[in-house]
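Residue numbers (UniProt numbering): 1 to 228.
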């Protein structure tokens, strides 16, 4: 029969592993036996930390208090609880980050359009208008205003757009001004490029064909499902 509780030594102390399928009563009983023996055998005179891992089981606050009460004394301390269970809040947050926000609109001067995670904008950003996203920004249309990606410091974000006009691109705290192309350039030409922050924390503009090489993680999210 598999034990309800097991120990694994680490540099920081011990991992206290609680089997997900075991009954809590068995867990408490085995935990009492195990820690009682350890306390008898321990003569280090220093604090020992236990990191409790519960796998596919999420303990309630009361259950965590019960485990802590059994384990802890002058020298034994439960420093953390960790499970593999995602809360609804974390799932919703992950879904927002993994699923781009689609905006089909014109962003006029003085307007700000924001998104959590990536943004796909189909439309025009006029001078004085701004689009902001915590992730990357992809624009199918004209960027003449400001595009601010990675607004909370995500420097791996990119801005993809057809850079034919004066515009300003920001990634995290980095700012880059796109200067208008030569007046002789064909107005109908496609100059779709992407802006990113390089390893030296400097903004660069690169051809769209280099996107997958420079940011290989882009494109692994589709409809909220990770395809890596």
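Virtual Cβ for every residue (Gly too), placed ideally from N, Cα, C.
The beta carbon of residue 78 sits closer than 7 Å to the beta carbons of 50, 52, 67, 68, 71 and 72 from its chain, once the five residues preceding and following it are set aside; these are given in chain order.
Only residues of its own chain outside the window of five on either side were considered, and among them none has a CB closer than 8 Å to the CB of residue 37. Burial of residue 118 is indicated by the presence of at least 16 other C-beta atoms within 10 angstroms of its C-beta. Taken through DSSP and simplified to helix, strand or coil, residue 103 comes out as strand. The residues 126 and 129, in chain order, have a CB closer than 7 Å to that of residue 108 in the same chain once the five nearest residues on each side in sequence are set aside.
In the DSSP assignment, residue 14 is bridged to 9 and 50. Contact check for residue 7 against residue 16 passes: the beta carbons are separated by less than 8 Å. For residue 99 and residue 131, the gap between their C-alpha atoms comes out near 17 Å. Residue 141 is not a Cβ neighbour of residue 120, given a cutoff of 8 Å.
Here residue 161 has 139 and 143 as same chain residues with Cβ atoms under 6 Å from its own Cβ, once five neighbours each way along the sequence are excluded. Residue 147 and residue 158 do not touch by the CB rule: their CB atoms are close to 10 Å apart, not below 8 Å. Taking 8 Å as the cut-off, the Cβ atoms of residue 3 and residue 29 do not count as close. In this structure, residue 75 places its C-beta atom within 8 Å of the C-beta atom of residue 47. For residue 37, the enclosing alpha helix (DSSP H) begins and ends at 24-41. If you draw a straight line from the Cα of residue 154 to the Cα of residue 40, it is about 50 Å long. If you check the CB distance, residue 198 and residue 179 do not come in under 8 Å. Under the three-state reduction of DSSP, residue 212 is assigned to helix.
Annotation for residue 174: 155, 197, 201, 202 and 203 place their beta carbon closer than 8 Å to its own, counting only its chain and skipping 5 residues before and after. Secondary structure of residue 157 (DSSP, three-state): coil. Secondary structure of residue 136 (DSSP, three-state): coil.
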